[in-house]
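Student: The structure's right below; bear with me while I get my questions together.
Number of protein chains: 4
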Amino acid sequence: MNTIGILTSGGDAPGMNAAIRAITRVALAKGIKVMGIQRGYNGLINGEIFEMGRDSVSDIIQRGGTVLKTARSEEFRTPEGREKAANMLRIFGIEGLIVLGGDGSFSGAQLLSNEHGIKTIGIPCTIDNDIAYTDFTIGFDTAINTVVEVINKLRDTSASHERVSIIEVMGRRCGDIALHAGIAGGAECVIIPEMNFEFDSLCRSIIETKVLGKLHYIVVVAEGAGKAQDIAERIEKCTGVQARATVPGHIQRGGMPSAFDRLIATKFGATAVEVLVEGKSQRVIGIKDSKIIDIDMNEALSIKKTVDKDLYHLANNLSI
Amino acid sequence: MNTIGILTSGGDAPGMNAAIRAITRVALAKGIKVMGIQRGYNGLINGEIFEMGRDSVSDIIQRGGTVLKTARSEEFRTPEGREKAANMLRIFGIEGLIVLGGDGSFSGAQLLSNEHGIKTIGIPCTIDNDIAYTDFTIGFDTAINTVVEVINKLRDTSASHERVSIIEVMGRRCGDIALHAGIAGGAECVIIPEMNFEFDSLCRSIIETKVLGKLHYIVVVAEGAGKAQDIAERIEKCTGVQARATVPGHIQRGGMPSAFDRLIATKFGATAVEVLVEGKSQRVIGIKDSKIIDIDMNEALSIKKTVDKDLYHLANNLSI
Amino acid sequence: MNTIGILTSGGDAPGMNAAIRAITRVALAKGIKVMGIQRGYNGLINGEIFEMGRDSVSDIIQRGGTVLKTARSEEFRTPEGREKAANMLRIFGIEGLIVLGGDGSFSGAQLLSNEHGIKTIGIPCTIDNDIAYTDFTIGFDTAINTVVEVINKLRDTSASHERVSIIEVMGRRCGDIALHAGIAGGAECVIIPEMNFEFDSLCRSIIETKVLGKLHYIVVVAEGAGKAQDIAERIEKCTGVQARATVPGHIQRGGMPSAFDRLIATKFGATAVEVLVEGKSQRVIGIKDSKIIDIDMNEALSIKKTVDKDLYHLANNLSI
Amino acid sequence: MNTIGILTSGGDAPGMNAAIRAITRVALAKGIKVMGIQRGYNGLINGEIFEMGRDSVSDIIQRGGTVLKTARSEEFRTPEGREKAANMLRIFGIEGLIVLGGDGSFSGAQLLSNEHGIKTIGIPCTIDNDIAYTDFTIGFDTAINTVVEVINKLRDTSASHERVSIIEVMGRRCGDIALHAGIAGGAECVIIPEMNFEFDSLCRSIIETKVLGKLHYIVVVAEGAGKAQDIAERIEKCTGVQARATVPGHIQRGGMPSAFDRLIATKFGATAVEVLVEGKSQRVIGIKDSKIIDIDMNEALSIKKTVDKDLYHLANNLSI
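If you read the sequences in order, they're chains A, B, C and D.
So for the first sequence, this note's numbering puts the first residue at 1; every next one is plus one.
So for the second sequence, this note's numbering puts the first residue at 1001; every next one is plus one.
So for the third sequence, this note's numbering puts the first residue at 2001; every next one is plus one.
So for the fourth sequence, this note's numbering puts the first residue at 3001; every next one is plus one.
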């Protein structure tokens, strides 16, 4: 392995830069040349490729987003697009490609390997934590800390007005942000796509806690399980208690990465280089039971993400 | 002056607690009894009144919201409601009332003074900074710091995706949050209700800066001047550049108050007590040209808030 | 199990309140009475014990420190002291005691169990992460985030002056804070008590990176491995490069707990109640390989904490 | 005015970058060439000068420190050094020089003007706020927010242990950081160089508040008025209450600038360019009574900074 390439693809996640830094520094220490590819698969097709030195990754560990930028690529979905991409990799002498992104980005990497024999390694980066083979994806810990901070701010004003606050967080199919941030934020109710939810019992609980003198009631809902604005309106109508919706939106993707995200990103990045050097391909890196692992990309993509039901029930028990 | 009352009314603002603390401690030091009135004018009418000791305000200086809670009161808008309120003040022996809130809360205080001879003092608390007689209202500095933090987080992800970010901030009639946070956050464009705005020139600027290689373009819009979602859609349609809307909403009202807000809140609170002790009534406290002032409530309510045009033009010059 | 007691002992750690909240709410939901014991074993001896309702733990999940307060107790080290403590537990009908603290606090719990048959459960709380049987202690994640934030602030000023910054962090025998925060903060050098360290090679590295144009050089040292001030003076003398020492001290113990600490604290607290209900005693709760575990207290105290050498070497590789 | 130069000198202060950005963008908008001078007067002497475009100041408004770096210069204190500096300015065609720094930096600018006819403008940047002619210096608001955050963190742990916390903050001759942060942080005692202080009355107050059941007692001391460690030891000895010292040190210089600092920095920078364009020299920019001012450098340096005694007495009244 003389030259490797790095690209970030799909939605950005805080900690991507820490992974880029670790890949670059560990590879350089092994005498491997590192090429940064800008704007994901799109930039690869267009040849937006430049050599990275140790300075290219100075002072980036603390920055959100990705210095390599990211983009979605329609062209890469076609065999022709992937052929162009493979050509670019050959032209620039890139023998192994490390892809930072989510499920979709890994599928792209897999096609590139299958069709053109490129060695690819995936690093899971998504704030949603919706990838099943790994306990944590890069960006998730930062996102839940961001949401917890949002809940803190809303709690002040919500308690002063004795209102219900409904916070809609990211997570289309996966309620992990809502569940973890809800528990950590001390939310009274968590609504996620994986679990049934009874609106009437929420209203009953709001009224009961109000009667007990509780000043605020916080509901965290994953975007895949409902719209905050709708829920707020229904609550007001049903309970007569004021309810306000907040949608932090893209704030959740940004911000300085947490220590945890920087640490796993650093370990994932270092491991990705080692796995490539060992000659492996089509592997994805992750953390399982506190250990850094690499598993087959195919297998990884086939594992179905499930929700931690115990944690969900704990959330409800704590709000009583 | 043997006994004073404090109430917080209207929307809450970070720093209200610092003012409550200063009023309480300064009054107690002067041998004056302090009564806390909960839930604004509504609570006053209902007799939700309790004596405050120095412990009642321990460890609250750093907390957002208001420990006295706040509420809007329809009943207080009627002469009968205000009579009930005046009776409560008499029953509890409250000779002077300090009202923390905005314009509307001051109007209420004025009616109470005019109709029932109650001595009232107003302290300006609103994140919007929409009160003309004072350079700063309590809560404004915290709110702009919160928005600046939001801009920081959006900048990361916005730059990674090379998108336009539109952030809709509070301010129905007054663009101060948008203007100050926009400049401090390094926004490329600020849209406020007080100034005309040309959509085409925004689009031209987005395209020009894109061509120059700029990775992100941040627009801050006051809620009174447009909806972020609409603007995002129009920008995408007109320029072809991806645009994303974020509405931080009630987050802007919450959070730990900034040092500046705690300081002016402390000074305003201390001054309010002194002004009451001097026997004055119907005065509002403020800060003008770095000096703490008290002026006639009537006069204060008649001054029209204007925007700082130089600052607005500076915002535009800096984005070039 | 009709009544349980909770006490916090030794140094405080962010997240203790989240654990107290979970214990209280989960126990109440099971119909168990909860008694809060103030000021650790000292308060237990003195009978500083009060019943806790669900309101006692409202709005504490986000607060650092411990609402039960903590103290060291000389008297509890004597058999007479422990007899008094056991009497108090009997008087107040406390059948099971949950102790939040570190090694020393667990030893106390064990003696109480052995000598007086009290059922005890330990929950590991210490920012140092110096307890071997668990992957993480409550407070550690918050502490490393605090140190990472300190490093961020120092980086700004350090780079502007092109100085070396030496940050002395907590950890007398255990370098985990230094190691994790050092990597996450992008430090160039980490000095911990568990590993030998060559001063000359540090100086060489400072000079080499200076020559390469690097603006700052950050050293994180665990208090057990050296004094920041001494190291700064030696570096200046040896390299001629300006060096500044910073000792964040007790800041590391404070602050709002991170999402991660709140989550494990919540899980540990809930599990501690369940383990007590199952009739077990002398168990400590922890997290191992992502699973919440309970193990024998004796066994737990006998496991020796070791440093993650791979992580230490990774830290050095990344700084090249 | 065809070409201007910018340099940052002395200690760095958060907000310097916002001023550099404003100077650059406003000057470029007026068709003036901008030269950045690195490492203060030292870099000027050495010709470390480069042309700045609008991109040179992209994404720096939110960063602490100074992108131009700073250094102290012995050589510039000599007439020969200043002659070299003046030559460099001529060689690079710099007609007007904007100096960001404190008193010492302004004296240097004055000598350059007097001896070599260079047009100079000063912008006050120092976290200490020790410059008399301006109400605020750039960096002060950020520093007090940083100290307030430190106090918050210490309060948690201090209250849990019922200890006295002594925080030593920057300010050799000027107690403004201690005074403002002390009030905003709710400190019980503020010790500053400008005011006499009785140690016995501090001890009496500690004991009195302890008896009243107060959990913590926070003392903020300016470095020019005492060492935190000494004070802690004396308190323990005299009162028997545990006391802990914390010295945040250079943390106070770093961090993201606050909104307020970014705003005044932006205004100061824009005004500095305008003043130069008007042909003025030896002026310093500031804010007085909420207005941006420029006054004669000589006069500015002769005004003696005094402490706000009312504020000092308010601090004491609030702690009762």
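All residues carry an ideal CB built from backbone N, CA and C; glycine is no exception.
Just so you know, these numbers come straight off a predicted model, no measurement behind them.
From the beta carbon of residue 2144 of chain C, is the nearest beta carbon of chain A less than 7 Å away?
Tutor: As a first step, residue 2144 of chain C must be located in the third sequence, where it is residue number 144. Taking Cβ atoms only, chain A reaches closer than 7 Å to residue 2144 of chain C, which makes this a yes.
Student: Using beta carbons (cut-off 7 Å, strictly below), is residue 150 of chain A in contact with chain B?
Tutor: Residue 150 of chain A sits at position 150 when you count from the first residue of the first sequence. Chain B contact via Cβ: present.
Student: Report the rounded CA-to-CA distance for residue 2297 of chain C versus residue 2120 of chain C, giving the unit in angstroms.
Tutor: Position 297 of the third sequence, counting from 1, holds the residue named residue 2297 of chain C. Position 120 of the third sequence, counting from 1, holds the residue named residue 2120 of chain C. Distance between residue 2297 of chain C and residue 2120 of chain C, taken at the CA atoms: about 9 Å.
Student: Report back the beta-carbon spacing between residue 2224 of chain C and residue 2155 of chain C to the nearest angstrom; my notes put them in contact at under 8 Å.
Tutor: Sequence index remark: in the third sequence, residue 2224 of chain C carries index 224 (1-based). Sequence index remark: in the third sequence, residue 2155 of chain C carries index 155 (1-based). Not quite, the Cβ-Cβ distance comes to about 24 Å (not below 8 Å), so this is no contact.
Student: Compare the C-beta of residue 3156 of chain D against all C-beta atoms of chain B and say whether one is closer than 7 Å.
Tutor: Counting from 1 along the fourth sequence, the entry for residue 3156 of chain D is found at position 156. Interface criterion not met: the Cβ of residue 3156 of chain D is under 7 Å from no Cβ in chain B.
Student: Please list, in chain order, the chain A residues whose beta carbon lies closer than 7 Å to that of residue 2294 of chain C.
Tutor: Position 294 of the third sequence, counting from 1, holds the residue named residue 2294 of chain C. The contacting residues do not exist; residue 2294 of chain C stays about 15 Å from chain A at best.
Student: Closest Cβ-Cβ distance between residue 2230 of chain C and chain G: below 7 Å?
Tutor: Within the model displayed, chain G is absent; protein chains A, B, C and D are what it includes.
Student: Along the chain, where does the beta strand (DSSP E) containing residue 2228 of chain C start, and where does it finish?
Tutor: Locating residue 2228 of chain C in the third sequence gives position 228, where the first residue counts as 1. Unbroken run through residue 2228 of chain C is the alpha helix (DSSP H), 2228 to 2239; no beta strand (DSSP E).
Student: Which residues in chain D sit within 8 Å of residue 2251 of chain C, going by Cβ to Cβ distance?
Tutor: Position 251 of the third sequence, counted from the first residue, corresponds to residue 2251 of chain C. By Cβ distance, chain D contributes 3150, 3153, 3154, 3246, 3248.
Student: Only counting the same chain, and skipping five residues up and downstream in sequence, which positions put a Cβ closer than 6 Å to that of residue 3161 of chain D?
Tutor: Position 161 of the fourth sequence holds residue 3161 of chain D. Here the set comprises nothing.
Student: I'd like the list of long-range same chain contacts for residue 378 of chain A, defined as Cβ closer than 6 Å, with 5 residues on each side in sequence excluded.
Tutor: The structure shown does not extend to residue 378 of chain A, since chain A is modelled only from 1 to 320, so the question has no answer here.
Student: Which residues mark the beginning and the end of the beta strand (DSSP E) in which residue 2212 of chain C is found?
Tutor: Counting from 1 along the third sequence, the entry for residue 2212 of chain C is found at position 212. Unbroken run through residue 2212 of chain C: none, as it is neither H nor E.
Student: What residues in the segment 259 to 277 of chain A bring their beta carbon closer than 8 Å to a beta carbon of chain C?
Tutor: 259, 260, 262, 263, 266, 267, 270
Student: Which residues of chain D have a Cβ atom closer than 8 Å to the Cβ of residue 1171 of chain B, listed in chain order?
Tutor: On the second sequence, residue 1171 of chain B is found 171 positions in, with the first residue counted as 1. Simply none; closest approach about 15 Å.
Student: Cβ of residue 1959 of chain C less than 7 Å from any chain A Cβ?
Tutor: This structure leaves residue 1959 of chain C out entirely; chain C is present only between 2001 and 2320.
Student: Taking the alpha helix (DSSP H) that residue 3302 of chain D falls in, what are its first and last residues?
Tutor: Counted from its first residue, the fourth sequence places residue 3302 of chain D at position 302. Run containing residue 3302 of chain D: 3297 to 3302, per the alpha helix (DSSP H) assignment.
Student: Please confirm whether residue 3228 of chain D and residue 3168 of chain D have their CB atoms less than 7 Å apart.
Tutor: Here residue 3228 of chain D refers to the residue found at position 228 of the fourth sequence. Here residue 3168 of chain D refers to the residue found at position 168 of the fourth sequence. Against a cut-off of 7 Å, the Cβ pair of residue 3168 of chain D and residue 3228 of chain D comes out as a contact.
Student: Which bits of chain D does residue 1019 of chain B rub up against, with CB to CB less than 8 Å?
Tutor: Numbered from its first residue, the second sequence carries residue 1019 of chain B at position 19. For the C-beta of residue 1019 of chain B, not a single chain D residue is nearer than 8 Å; the gap to the nearest is close to 12 Å.
Student: On a CA-only basis, which of C:2251, C:2060, C:2030, C:2007 is nearest residue 3158 of chain D? Give me that one, please.
Tutor: Residue 3158 of chain D sits at position 158 when you count from the first residue of the fourth sequence. Cα-wise, what sits closest to residue 3158 of chain D is C:2251.
Student: Does the CB of residue 1012 of chain B have a neighbour CB from chain A at under 7 Å?
Tutor: Numbered from 1 along the second sequence, position 12 holds the residue referred to as residue 1012 of chain B. With 7 Å as the cut-off, residue 1012 of chain B counts as an interface residue toward chain A.
Student: Would the segment 2130 to 2140 of chain C and the segment 2304 to 2318 of chain C be scored as touching if the rule is three or more Cβ pairs under 8 Å?
Tutor: yes
Student: By Cβ distance, which residues of its chain are closer than 6 Å to residue 3050 of chain D, with the 5 residues on each side in sequence left out?
Tutor: Residue 3050 of chain D sits at position 50 when you count from the first residue of the fourth sequence. Answer for residue 3050 of chain D: 3036, listed in chain order.
Student: What residue range does the alpha helix (DSSP H) around residue 2031 of chain C cover?
Tutor: Start at 1 with the first residue of the third sequence, and residue 2031 of chain C comes out as number 31. Segment: none, residue 2031 of chain C is in no alpha helix (DSSP H) and carries neither H nor E.
Student: Pull up the distance between the alpha-carbon of residue 16 of chain A and that of residue 3164 of chain D, whole angstroms please.
Tutor: For this step, residue 16 of chain A is matched to residue 16 along the first sequence. For this step, residue 3164 of chain D is matched to residue 164 along the fourth sequence. Spanning the two alpha carbons is a distance of roughly 42 Å.
Student: Any C-beta of chain B sitting closer than 7 Å to the C-beta of residue 3178 of chain D?
Tutor: On the fourth sequence, position 178 is the one that residue 3178 of chain D refers to. Closer than 7 Å to the CB of residue 3178 of chain D there is not a single CB belonging to chain B.
Student: Along the chain, where does the beta strand (DSSP E) containing residue 1285 of chain B start, and where does it finish?
Tutor: As a first step, residue 1285 of chain B must be located in the second sequence, where it is residue number 285. Note, residue 1285 of chain B: beta strand (DSSP E), 1283 to 1288.
Student: If I measure Cβ to Cβ from residue 1094 of chain B and keep anything under 6 Å in the same chain, skipping five residues before and after, which residues do I get?
Tutor: Indexing the second sequence from 1 puts residue 1094 of chain B at position 94. Closer than 6 Å at the Cβ level, and outside the excluded window around residue 1094 of chain B, lie 1003, 1005, 1035.
Student: Return no unless some Cβ of chain C is closer than 7 Å to the Cβ of residue 183 of chain A.
Tutor: Numbered from 1 along the first sequence, position 183 holds the residue referred to as residue 183 of chain A. Yes, its Cβ sits closer than 7 Å to a Cβ of chain C.
Student: Taking the beta strand (DSSP E) that residue 2124 of chain C falls in, what are its first and last residues?
Tutor: Start at 1 with the first residue of the third sequence, and residue 2124 of chain C comes out as number 124. That run of the beta strand (DSSP E) goes 2119 to 2124.
Student: Of all the CB atoms in chain D, is at least one closer than 7 Å to the CB of residue 2009 of chain C?
Tutor: On the third sequence, position 9 is the one that residue 2009 of chain C refers to. Using a Cβ-Cβ cut-off of 7 Å, residue 2009 of chain C does not count as an interface residue toward chain D, since no Cβ of chain D sits closer than that to its own.
Student: Give the DSSP bridge partners of residue 2052 of chain C, in chain order.
Tutor: Locating residue 2052 of chain C in the third sequence gives position 52, where the first residue counts as 1. C:2034.
Student: Since residue 175 of chain A and residue 193 of chain A are thought to touch, with beta carbons under 8 Å apart, how far apart are those beta carbons, to the nearest angstrom?
Tutor: One-based indexing of the first sequence puts residue 175 of chain A at position 175. One-based indexing of the first sequence puts residue 193 of chain A at position 193. About 6 Å separates the two Cβ atoms, so the contact holds.
Student: By the DSSP assignment, the alpha helix (DSSP H) with residue 82 of chain A in it spans what residues?
Tutor: Numbered from its first residue, the first sequence carries residue 82 of chain A at position 82. Start and end: 79 to 91.
Student: With distances taken Cα to Cα, identify the nearest neighbour of residue 3287 of chain D among D:3247, D:3238, D:3075, D:3137.
Tutor: The sequence position of residue 3287 of chain D within the fourth sequence is 287, counting from 1. Residue D:3137 is the option with its Cα nearest to residue 3287 of chain D.
Student: With 7 Å set as the bound, which would you pick, yes or no: does the beta-carbon of residue 69 of chain A sit closer than that to a beta-carbon of chain B?
Tutor: One-based indexing of the first sequence puts residue 69 of chain A at position 69. Yes - at least one Cβ of chain B is within 7 Å of the one on residue 69 of chain A.
Student: Whose CA, out of D:3211, D:3262, D:3058, D:3246, lies closest to the CA of residue 3240 of chain D?
Tutor: Against the fourth sequence, residue 3240 of chain D aligns to sequence position 240. Of the candidates D:3211, D:3262, D:3058, D:3246, the one whose C-alpha sits nearest the C-alpha of residue 3240 of chain D is D:3211.
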